[in-house]
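Have a look at the structure below, then the notes.
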Amino acid sequence: MANTPHRCSQEAMDEAASNGHFAIVDFLFNKADLFWSKSAMDMAAANGHLVMVEYLDEGGIEGCTSNAMTDAASNGHLGIVVYLDRNVHRVPWKDEALEEAAGNGHLAVVKYLVERRVCMITDKAIFWATKRGHTGVLAYLMAKKYIFSTPTQTNYWHTVLPQVTVARQEATVPDWIQDYSFSDSDDGQYI
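Those letters in the sequence shown? Residues 5 to 195, per this note's numbering, in order.
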């Protein structure tokens, strides 16, 4: 251990940030000889520690990866999603953030990601919202006039949406699914 002080310090920093221990992070942050990893901000974002994310970002550490946005969205941390979108421009966000938020039923996060054009609505986002019974998220995504990627996927969804709804033991297929007009466009759509 004595030969790896930076690794030990990096792990301490990552864990402290992940758990929101501000005093420890502040102490470690002010040690100039530490090696900083992107994991600290990623983990703080995933666990909903907005003050920690702001502190690390404003302190000029190495930054974060796209996992910060994906995990914050997945866990419904809207404040962190907004902060990352508005302040961290060094990292390309992935559509996986929307897919995870949709799959976990975080409608406010889904709306933000779509309306700010942070992510593209994908078939996977619709699939996970449907499979996990998040009808509010599904209705929102469908209302945005999503165009399925291929005619094959259009036919698949036209069949699957009602089946999943019935499989979830809902009495009837909601009217908005039955009435949804599926397009035969060849490409997905950015909202």
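Just so it is clear, CB atoms sit at the ideal spot from N, CA and C, and this is done for glycine as well. Quick caveat, the model's predicted, so the values are computed rather than measured.
> Who are the near neighbours of Leu-102 in its chain, counting only those whose CB is closer than 6 Å to its CB and skipping five residues on each side?
Replying inline: Position 98 of the sequence shown, counted from the first residue, corresponds to residue 102. These residues qualify, in order along the chain: Leu-117, Cys-123 and Ala-129.
>> I believe Trp-40 touches Glu-66 by the beta-carbon criterion, under 8 Å. Please report the beta-carbon distance rounded to the nearest angstrom.
In response: Residue mapping note: residue 40 aligns to position 36 of the sequence shown, counting from 1. Residue mapping note: residue 66 aligns to position 62 of the sequence shown, counting from 1. That pair is a contact at about 5 Å.
> Glu-19: which of Phe-31, Leu-32 and Ala-44 sits nearest, CA to CA?
Replying inline: Locating residue 19 in the sequence shown gives position 15, where the first residue counts as 1. Of the listed residues, the one whose Cα sits closest to Glu-19 is Ala-44.
> Just reading off the alpha helix (DSSP H) that Arg-90 is part of, what are its end residues?
Replying inline: Residue 90 sits at position 86 when you count from the first residue of the sequence shown. Residues 82-91.
> Apart from the five residues on each side of it in sequence, which residues of its chain come closer than 6 Å, Cβ to Cβ, to Asn-51?
Replying inline: Looking up residue 51 in the sequence shown gives position 47. So the qualifying residues of the chain are Ser-22.
>> Checking 7 Å against the spacing of the C-beta atoms, do Ala-27 and Ala-49 come in under that value?
In response: Your numbering for residue 27 matches position 23 in the sequence shown. Your numbering for residue 49 matches position 45 in the sequence shown. Cβ atoms of Ala-27 and Ala-49: not closer than 7 Å.
> Residues in its own chain within less than 7 Å of Asp-89 by CB, not counting five upstream and five downstream?
Replying inline: By one-based count along the sequence shown, residue 89 stands at place 85. Arg-120 and Val-122.
>> Please state whether the Cβ-Cβ distance between Leu-142 and Thr-134 is less than 7 Å.
In response: Residue mapping note: residue 142 aligns to position 138 of the sequence shown, counting from 1. Residue mapping note: residue 134 aligns to position 130 of the sequence shown, counting from 1. The answer is yes: Cβ separation under 7 Å.
> Within this structure, are the beta carbons of Gly-83 and Met-56 separated by less than 7 Å?
Replying inline: Working through the sequence shown from its first residue, we reach residue 83 at position 79. Working through the sequence shown from its first residue, we reach residue 56 at position 52. No, Cβ-Cβ distance for Gly-83 and Met-56 is not below 7 Å.
> Who are the near neighbours of Asp-46 in its chain, counting only those whose CB is closer than 8 Å to its CB and skipping five residues on each side?
Replying inline: One-based indexing of the sequence shown puts residue 46 at position 42. Correct list, in chain order: Cys-68, Thr-69, Asn-71, Ala-72 and Asp-75.
> Quick one: what does DSSP say Thr-69 is sitting in, helix, strand or coil?
Replying inline: Numbered from its first residue, the sequence shown carries residue 69 at position 65. Looking at Thr-69 - three-state DSSP - the assignment turns out to be coil, as it is neither helix nor strand.
>> Quick check on the burial criterion: 16 or more other C-beta atoms within 10 angstroms. Buried or exposed for Phe-31?
In response: Locating residue 31 in the sequence shown gives position 27, where the first residue counts as 1. Its Cβ having fewer than 16 others within 10 Å, Phe-31 is exposed.
> Around the Cβ of Gly-107, are there at least 16 other Cβ atoms within 10 angstroms (buried) or fewer (exposed)?
Replying inline: Reading the sequence shown from its first residue, position 103 is the one you call residue 107. The residue in question, Gly-107, is buried, as its Cβ has 16 or more Cβ neighbours within 10 Å.
> How is Asn-23 classed by DSSP in three states: helix, strand or coil?
Replying inline: The residue labelled residue 23 in the question sits at position 19 within the sequence shown. Reduced to three states, the DSSP call for Asn-23 is coil.
> Is DSSP giving Gly-52 helix, strand or coil here?
Replying inline: One-based indexing of the sequence shown puts residue 52 at position 48. The answer is coil: DSSP assigns Gly-52 none of H, G, I, E or B.
> Is Asn-108 close to chain D, meaning its C-beta is less than 7 Å from at least one C-beta of that chain?
Replying inline: The chain labelled as chain D is not found in the depicted structure, where only one protein chain is given.
> From Asp-190 to Gly-63, what distance separates their C-alpha atoms?
Replying inline: Position 186 of the sequence shown, counted from the start, is the residue given in the question as residue 190. Position 59 of the sequence shown, counted from the start, is the residue given in the question as residue 63. Caution is warranted here: a pLDDT of 35 is assigned to Asp-190, below 50, making its placement in the model unreliable, and no coordinate value can be reported.
> Do you know offhand how far His-138's Cα is from Trp-132's?
Replying inline: Numbered from 1 along the sequence shown, position 134 holds the residue referred to as residue 138. Numbered from 1 along the sequence shown, position 128 holds the residue referred to as residue 132. Between His-138 and Trp-132, the C-alpha separation is close to 8 Å.
> Alpha carbon to alpha carbon, what distance is there between Met-17 and Lys-35?
Replying inline: What you label residue 35 is simply residue 31 of the sequence shown in a count that begins at 1. What you label residue 17 is simply residue 13 of the sequence shown in a count that begins at 1. Cα to Cα, Lys-35 sits roughly 11 Å from Met-17.
> Ala-105 to Leu-111, Cα distance in whole Å?
Replying inline: In the sequence shown, counting from the first residue as 1, residue 105 sits at position 101. In the sequence shown, counting from the first residue as 1, residue 111 sits at position 107. Distance between the alpha carbons of Ala-105 and Leu-111 is about 7 Å.
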